[in-house]
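Enquirer:
10 protein chains.
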Amino acid sequence: MNLYRIVYASTLSESFSSQDIEHILASSRRNNKKQDVSGMLLFSHRYFLQCLEGSRDNINQTYQRILSDERHCRVTIVSYENVTQREFCAWSMGYVPESHLTRELLFKFSASATFDPYTLSNVSALALLKSLHGTVI
Amino acid sequence: MNLYRIVYASTLSESFSSQDIEHILASSRRNNKKQDVSGMLLFSHRYFLQCLEGSRDNINQTYQRILSDERHCRVTIVSYENVTQREFCAWSMGYVPESHLTRELLFKFSASATFDPYTLSNVSALALLKSLHGTVI
Amino acid sequence: MNLYRIVYASTLSESFSSQDIEHILASSRRNNKKQDVSGMLLFSHRYFLQCLEGSRDNINQTYQRILSDERHCRVTIVSYENVTQREFCAWSMGYVPESHLTRELLFKFSASATFDPYTLSNVSALALLKSLHGTVI
Amino acid sequence: MNLYRIVYASTLSESFSSQDIEHILASSRRNNKKQDVSGMLLFSHRYFLQCLEGSRDNINQTYQRILSDERHCRVTIVSYENVTQREFCAWSMGYVPESHLTRELLFKFSASATFDPYTLSNVSALALLKSLHGTVI
Amino acid sequence: MNLYRIVYASTLSESFSSQDIEHILASSRRNNKKQDVSGMLLFSHRYFLQCLEGSRDNINQTYQRILSDERHCRVTIVSYENVTQREFCAWSMGYVPESHLTRELLFKFSASATFDPYTLSNVSALALLKSLHGTVI
Amino acid sequence: MNLYRIVYASTLSESFSSQDIEHILASSRRNNKKQDVSGMLLFSHRYFLQCLEGSRDNINQTYQRILSDERHCRVTIVSYENVTQREFCAWSMGYVPESHLTRELLFKFSASATFDPYTLSNVSALALLKSLHGTVI
Amino acid sequence: MNLYRIVYASTLSESFSSQDIEHILASSRRNNKKQDVSGMLLFSHRYFLQCLEGSRDNINQTYQRILSDERHCRVTIVSYENVTQREFCAWSMGYVPESHLTRELLFKFSASATFDPYTLSNVSALALLKSLHGTVI
Amino acid sequence: MNLYRIVYASTLSESFSSQDIEHILASSRRNNKKQDVSGMLLFSHRYFLQCLEGSRDNINQTYQRILSDERHCRVTIVSYENVTQREFCAWSMGYVPESHLTRELLFKFSASATFDPYTLSNVSALALLKSLHGTVI
Amino acid sequence: MNLYRIVYASTLSESFSSQDIEHILASSRRNNKKQDVSGMLLFSHRYFLQCLEGSRDNINQTYQRILSDERHCRVTIVSYENVTQREFCAWSMGYVPESHLTRELLFKFSASATFDPYTLSNVSALALLKSLHGTVI
Amino acid sequence: MNLYRIVYASTLSESFSSQDIEHILASSRRNNKKQDVSGMLLFSHRYFLQCLEGSRDNINQTYQRILSDERHCRVTIVSYENVTQREFCAWSMGYVPESHLTRELLFKFSASATFDPYTLSNVSALALLKSLHGTVI
Ligand SMILES: Cc1cc2nc3c(=O)[nH]c(=O)nc-3n(C[C@H](O)[C@H](O)[C@H](O)COP(=O)(O)O)c2cc1C
Ligand SMILES: Cc1cc2nc3c(=O)[nH]c(=O)nc-3n(C[C@H](O)[C@H](O)[C@H](O)COP(=O)(O)O)c2cc1C
Ligand SMILES: Cc1cc2nc3c(=O)[nH]c(=O)nc-3n(C[C@H](O)[C@H](O)[C@H](O)COP(=O)(O)O)c2cc1C
Ligand SMILES: Cc1cc2nc3c(=O)[nH]c(=O)nc-3n(C[C@H](O)[C@H](O)[C@H](O)COP(=O)(O)O)c2cc1C
Ligand SMILES: Cc1cc2nc3c(=O)[nH]c(=O)nc-3n(C[C@H](O)[C@H](O)[C@H](O)COP(=O)(O)O)c2cc1C
Ligand SMILES: Cc1cc2nc3c(=O)[nH]c(=O)nc-3n(C[C@H](O)[C@H](O)[C@H](O)COP(=O)(O)O)c2cc1C
Ligand SMILES: Cc1cc2nc3c(=O)[nH]c(=O)nc-3n(C[C@H](O)[C@H](O)[C@H](O)COP(=O)(O)O)c2cc1C
Ligand SMILES: Cc1cc2nc3c(=O)[nH]c(=O)nc-3n(C[C@H](O)[C@H](O)[C@H](O)COP(=O)(O)O)c2cc1C
Ligand SMILES: Cc1cc2nc3c(=O)[nH]c(=O)nc-3n(C[C@H](O)[C@H](O)[C@H](O)COP(=O)(O)O)c2cc1C
Ligand SMILES: Cc1cc2nc3c(=O)[nH]c(=O)nc-3n(C[C@H](O)[C@H](O)[C@H](O)COP(=O)(O)O)c2cc1C
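Chains as they are written, first to last, in UniProt numbering: chain U, 1 to 137; chain F, 1 to 137; chain E, 1 to 137; chain S, 1 to 137; chain A, 1 to 137; chain X, 1 to 137; chain C, 1 to 137; chain W, 1 to 137; chain G, 1 to 137; chain D, 1 to 137.
In structure tokens, the structure reads:
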């Protein structure tokens, strides 16, 4: 009754620099582990698509911190739902390097071969994230 | 395809003072009207329950501003969904004064006669909001 | 998310005496009001059928007290479910006097015209309770 | 959980004589009242269509007696199901005199304007019985 | 179990003459009454749309006779199904004169305002026939 | 089987002048009547939303002519489906003048109070068109 | 019709001591075998999650004894339902030692990697219990 | 349209003696073969559970003979339904010797490890019968 | 949109002689190939069960010829439906010789081990035809 | 939310010459790749059946160009829908040479063994296209 999943899309802000991704992953993993949050992060072409799973409180707190992070903007919820099991329980924050987001893969679930997570439906976004299980690092 | 509804619960923070509600309503109405956002706000017993309807971008931007507002805390999404029509199109921000949130009404949709929006299911929260249509000011 | 309904059947024990029903109702109403529990009690032919609505914790605590009450025995759950609104919100403990449990009414929902709540299906038990809304005292 | 409905069709046997219908109704009503069985009997054109509602045990015992009654033969179950409420609770054995089984009525639910209950589907048989509520004597 | 409905479309053959419609209706009504067949016939613009309801055997025998009738051709089944009650039980063969088949009516259920029953879906054909209940003669 | 409905959105092109709307309606009504096409046209804020109902061939031919009409551009299908009855059978081309497209109405079915038919879901677009039945001229 | 499953959560009380688990299992197995009750018990982190399957009477009697056992408290029903077959028929009381309740497993079905059965939905609780089939001792 | 399945439970009567089972099977197989009836018989602990498949007439005639057989009593229908294929077409009357009705098997589908077919739901009874396919003699 | 399947049953007429089956198959295959009709024919015990797949016009024309063929009678439609793919596309008219219509097979889908296609439900008839795929000659 | 699929049928116009197919494929692949459109084209017997997948804007723009191409005519939409993943993501425009469109294949999904895409239902058309995955060049 208390397990939720949120998926959101966002856009790199100008202030984003190339090492930021490592910092984000490091603090995500440190915080999420403490809060029993699992998830996955895609990063490509100036956009993020992220999924977070955990208690309603933890998911919302984490999302609040993320929303106020100035390294990205136009943070937009793609889906939010109560679930009965996690899809990404193996990762406190799985990361799929841009190189694994092949044209073929993106193309299958979206209208474009370049990554634009704002155009994904809630079903397509989750399907894309699941199809990447094998390539998480 | 682009009409969304978010419902969230939150808690007054210590910094909240009694005139704040007027200020919140005033700026909500001013901003929401500009962004074609409709909605409804319940306030009682130190808690808020709010519903916002509009484009995905506007709903998310408004929610981001609300999330960083220090007059409340523990802001928690109750439901978020793509809808085909608005339920609260008559109000840029309808307000139900605490005096209308009678024990009977709250009791019908929740486990307690005092208002605790965190315990409402997504279905009960929307049902409660709809049952108040007639008492909005 | 936190509103539950339990329906159970039980049998008067030998120790039950005729004033007990008043005591039961008095303490039920006093306790239930405090715990935001609503419900309805049928009593006829040596049997009880009772419905309790409220938070999961309160319903379970009340049920535990009831289970250990020696005035009845063979206490048996008929149904237990998470609901989105109360059916009996008007009563902390509505009571339907035996005289209102007419043969016609009982007969409609059960295999017998004398009251035997152990034989009711979960659907029939709730339907019987609802059909008595008008005769609660 | 223990309320069942059986519908069956049968054919007058040669030994049937015109007063038998009164005897059947008299003993049906006497027995069924004792066993909390309700139901309805149609009689026309050498055929019976009967519905019995009650506890599983009583329905089956009654059906056993009926099956061995030599006043009819080719006794054939049309439907048998667990139900949550009675359709014919007003009658221990309602009887629809042949004169009320008009051509129009029979015709609506069956392939023939003369009564042949063996050809009725389970849905049509129950629909026919319900449509006669108003004409029971 | 034994009640069927067939709907078919056909086309006037060259040999058709204007009095034929009266003969068809007369023999339809005489035969159908005998066989407990009910139905409805539309005639307009060189086409027929007919519905027949009754036992599977009678429906098929009647259809066989109709199929070999040289007054029409290109006889084509639109739908055939087992039903639990008749829609046209009031008529052994209801007839809707061409003048009642208004442009508005035909237009609502088909792609053309002139009557072409071959283009109707099974759902539209039955809906058209039902919408004519009031104008049958 | 042969009744289709297409709904599309489009944008005025630069070449559009104010009398064009009368010409469009005149030729629409003349052509559609001939081809048994029904429909409705909304025009507001530089956008069109149009619905066409009729045979698959006629709908497609009409749509082809409309697609190559230089008075509008970015012509985009919102929905296309096989239907069993028309919704707009009363009009060869119903027209809802801009003045009837009130803020309230548009707002109910879309994310914005100004008319942007590209953002409507297929369900919302049809619901908006139906809600205008009473105001067609 | 008479096979039920109850799942409940509870909390160790202060009076609980480390040998108690053996005593509970011993008396559970002895009693349940006699009453044809099957089930499974998880114990970790001061909490129990238990499932009991059997006749409605036996399940309720066992639950009554368990409810009044002072070795645990806050006993709370997670789900109660009529089922058509047992999930845990191999065990009169299967026990999953704490060491098998790995972080990974708990994490998959709940919002936390430490065991808190009160937060599990009815679906997640049963899924967790089933996923442990292989590790029961 | 004419293939039915009946499942019933019954109890040995006092007059039953140990060779009777052979006689019952012999006459069942002889009669059922003639009437194209298939089925399965379980016998254990003073109870029978039997399934019969065949034409509606044959099933009902066989059931009538069985009902009046004095070797058993309390004959009670568990389910009766129209089916599209047989489950037990390999046997005119398959028999599962008591020794194959293991505790484990019975336990899985019922509230008790000793065989009491009156307590089985319609779904559990058929599931039990199917699970015995491999052990029929 | 234009692919239909008809299944019908019929009875040999007196005039039928043993070589007729070869003639029927020969002309069926010749005609059906020309009209893109596929199908399957069972023949046993004086009865036929045939399935025809193809365009609505061709199916109906073929059925009309078949209906007026004096080598069989009591031609009765079992089912008629619009389908999205053929089941018997490998045969212009597959034939299952009587010797392959084993007792076991017929028995599984019907109330009798001798072939009586009039008693088959629409679902059973198609299931029987499909189960013969491997034995067509 | 922004991934659509359109399937249409069309007919070669007189002006079509045999090299045109190469030109069409070349420009389709060049344009579609640029616009992230995927799809498949069947060509046989004077007809085309084509499927296009991509963003709503790109699909509609491409369809507009195709509609005004004089090398074919009677361009008719078979289906248009919002999808969550592509079926033909491997091809910017897959082509199935006429020689692969065998009689057997066409026959399975349509009423004729020669290719007539206008008669295919939306379900059959997509099923035919998918069944050709292996033969695309
Ligand atoms: C795209 C993106 C994803 C992020 N994901 C998470 C996350 O899953 N968990 C988290 O705690 N912080 C996440 N952050 C970082 C937070 O915004 C914030 O910086 C961090 O929680 C602060 O915690 P710290 O001070 O412990 O680093 C993310 C930031 C970005 C830009
Ligand atoms: C409970 C609550 C509800 C609010 N609702 C809205 C709202 O619906 N729209 C909005 O623009 N601001 C809302 N606000 C105020 C925002 O947090 C923020 O103060 C405001 O958007 C700033 O805009 P302003 O500077 O124009 O006043 C809400 C604040 C609170 C505490
Ligand atoms: C049939 C029956 C129904 C009861 N219903 C309730 C009830 O709804 N609420 C309640 O608090 N006690 C109920 N009781 C009484 C409890 O068993 C117990 O006596 C009571 O909760 C003790 O509280 P007190 O000491 O405040 O009276 C019921 C008892 C019986 C026999
Ligand atoms: C068509 C028909 C319907 C009957 N219906 C009932 C019935 O509903 N209840 C009943 O007890 N007996 C019914 N009977 C009579 C029984 O067969 C049997 O005669 C009767 O139960 C014997 O009870 P008695 O000795 O008290 O009359 C029916 C008989 C027939 C022929
Ligand atoms: C369009 C049409 C509809 C017909 N409908 C019926 C009908 O419903 N019942 C019927 O018996 N004959 C119907 N007929 C007439 C039969 O084809 C046939 O002429 C008639 O059944 C012969 O019976 P008779 O010799 O008693 O007239 C219809 C004929 C046509 C052309
Ligand atoms: C927004 C819009 C809607 C139109 N609707 C229709 C229509 O419903 N039917 C139609 O025939 N033409 C319609 N037209 C006009 C066609 O594009 C085209 O001009 C017309 O069919 C040519 O026919 P005409 O030469 O008979 O006028 C529409 C044009 C526009 C811009
Ligand atoms: C968490 C927990 C689970 C239990 N499970 C069972 C059980 O499944 N069956 C049972 O008979 N007793 C169970 N008990 C023990 C009962 O509370 C009670 O002590 C026991 O039934 C008394 O029977 P005894 O006197 O035969 O030991 C459980 C107790 C606890 C604390
Ligand atoms: C439990 C039980 C099951 C029976 N099953 C059948 C059966 O399946 N078919 C059958 O003809 N008789 C069955 N009988 C026997 C009938 O009651 C009856 O004795 C028999 O049909 C009489 O036929 P006979 O005279 O040919 O032996 C069964 C009897 C009992 C007690
Ligand atoms: C049981 C049965 C099945 C038949 N099946 C077909 C068939 O599938 N196709 C067909 O053209 N004729 C079939 N016929 C034969 C037709 O009734 C008719 O004789 C034949 O179509 C005449 O065509 P011909 O003159 O080319 O032989 C069948 C006849 C019978 C008795
Ligand atoms: C049957 C058919 C299918 C076509 N498919 C496409 C297509 O998928 N994409 C496309 O851009 N053009 C397609 N075309 C060609 C267009 O009609 C048009 O000629 C082309 O888009 C013009 O672009 P170009 O000038 O770059 O060649 C197709 C044409 C035909 C006749």
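From the three backbone atoms N, C-alpha and C, an ideal C-beta is built for every residue, glycine too. From a predicted model like this one, the values you see are computed outputs, not experimental measurements.
Of the residues C:CYS89, C:PRO97, C:ALA113, which one's Cα is nearest the Cα of THR102 (chain W)?
Expert: When only C-alpha atoms are compared, the closest one is C:CYS89.
Enquirer: Is VAL7 (chain G) helix, strand or coil when you go by DSSP?
Expert: Strand.
Enquirer: Looking at C-alpha atoms only, which residue of X:MET93, X:GLU14, X:GLN85 is the closest neighbour of HIS23 (chain X)?
Expert: Here the closest residue by C-alpha is X:MET93.
Enquirer: So, is ALA26 (chain W) buried or exposed, given that buried needs 16 or more other C-beta atoms within 10 angstroms?
Expert: The residue in question, ALA26 (chain W), is exposed, as its Cβ has fewer than 16 Cβ neighbours within 10 Å.
Enquirer: Please confirm whether VAL123 (chain W) has its beta-carbon closer than 8 Å to some beta-carbon of chain C.
Expert: Taking Cβ atoms only, chain C reaches closer than 8 Å to VAL123 (chain W), which makes this a yes.
Enquirer: What separation, rounded to the nearest whole angstrom, lies between the Cα atoms of MET1 (chain X) and THR119 (chain X)?
Expert: Whole-angstrom Cα-Cα distance: 30 Å.
Enquirer: Can you tell which of A:ALA127, A:SER112, A:ILE66 has its C-alpha closest to the C-alpha of ARG74 (chain A)?
Expert: ARG74 (chain A) has its Cα closest to that of A:ILE66, out of A:ALA127, A:SER112, A:ILE66.
Enquirer: Listing by chain order, which chain G residues have their CB less than 8 Å from the CB of ALA127 (chain D)?
Expert: Those are THR84, GLN85, listed as they occur along chain G.
Enquirer: Show which residues of chain A have a CB atom less than 7 Å away from the CB atom of ASN2 (chain X).
Expert: Residues of chain A passing the Cβ test: ALA111, THR119.
Enquirer: Less than 8 Å between CB atoms is the rule here; does PHE107 (chain G) satisfy it with respect to chain W?
Expert: Yes, PHE107 (chain G) lies at the interface with chain W (some Cβ there is under 8 Å from its Cβ).
Enquirer: Applying the 10 Å Cβ sphere with the 16-neighbour rule, what's the burial state of LYS108 (chain D)?
Expert: With 16 or more other Cβ atoms within 10 Å, it is buried.
Enquirer: What is the C-beta distance between VAL7 (chain F) and LEU132 (chain F), in whole angstroms, given that I count them as a contact (C-beta under 8 Å)?
Expert: VAL7 (chain F) to LEU132 (chain F), Cβ: 13 Å. No contact.
Enquirer: Can SER112 (chain S) and SER124 (chain S) be called in contact, C-beta distance under 8 Å?
Expert: No, the pair does not count as a contact, with Cβ atoms beyond the cut-off.
Enquirer: Is ILE77 (chain G) near ligand 5, going by C-beta to nearest heavy atom under 7 Å?
Expert: It does not: the Cβ of ILE77 (chain G) is nowhere closer than 7 Å to a heavy atom of ligand 5.
Enquirer: For ASP36 (chain X), which residues of its own chain have a beta-carbon under 8 Å away from its beta-carbon, when the five flanking residues on both sides are left out?
Expert: Around ASP36 (chain X): GLY54, SER55, ASN58.
Enquirer: Cβ-heavy atom distance between ASP116 (chain E) and ligand 3 below 7 Å?
Expert: No - ligand 3 has no heavy atom lying nearer than 7 Å to the Cβ of ASP116 (chain E).
Enquirer: Candidates U:LEU12, U:LEU3, U:TYR63: which alpha carbon is nearest ASN31 (chain U)'s?
Expert: Taking only the C-alpha atoms, the option nearest ASN31 (chain U) is U:TYR63.
Enquirer: Pick from E:ASN60, E:MET40, E:GLN61: whose alpha carbon is nearest that of CYS51 (chain E)?
Expert: Ranking E:ASN60, E:MET40, E:GLN61 by Cα distance to CYS51 (chain E) puts E:MET40 first.
Enquirer: Just curious, the alpha helix (DSSP H) that ARG30 (chain U) is in, first and last residue?
Expert: ARG30 (chain U) -> alpha helix (DSSP H) spans 20-35.
Enquirer: So which residues on chain W does SER55 (chain C) lean against when the C-beta distance must stay under 9 Å?
Expert: SER110, ALA111, SER112, THR119, listed in chain order.
Enquirer: What residue range is occupied by the uninterrupted beta strand (DSSP E) comprising LEU49 (chain E)?
Expert: Note, LEU49 (chain E): beta strand (DSSP E), 47-55.
Enquirer: Would the beta-carbon of ASN122 (chain S) fall within 8 Å of that of SER79 (chain S)?
Expert: Yes, they are a contact pair.
Enquirer: I want to verify the contact list: residues of chain X whose CB lies under 8 Å from the CB of GLU81 (chain A), in sequence order.
Expert: None at all; the shortest Cβ gap to chain X is about 16 Å.
Enquirer: If I'm right that SER28 (chain F) touches ARG86 (chain F) with Cβ under 8 Å, what's the distance once you round it to whole angstroms?
Expert: SER28 (chain F) to ARG86 (chain F), Cβ: 16 Å. No contact.
Enquirer: Between the C-alpha atoms of TYR47 (chain W) and GLU104 (chain W), what's the straight-line distance to the nearest angstrom?
Expert: Rounded to the nearest angstrom, the two C-alpha atoms are 18 Å apart.
Enquirer: Would you decide whether ILE77 (chain G) is buried or exposed? Buried here means 16 or more other CB atoms lie within 10 Å of its CB.
Expert: Classification for ILE77 (chain G): buried.
Enquirer: Would you call PRO97 (chain G) buried or exposed, if buried means 16 or more other Cβ atoms sit within 10 Å of its Cβ?
Expert: Exposed: under 16 other Cβ atoms inside 10 Å.
Enquirer: Hey, how far is the Cα of GLU70 (chain D) from the Cα of LEU106 (chain D)?
Expert: Between GLU70 (chain D) and LEU106 (chain D), the C-alpha separation is close to 27 Å.
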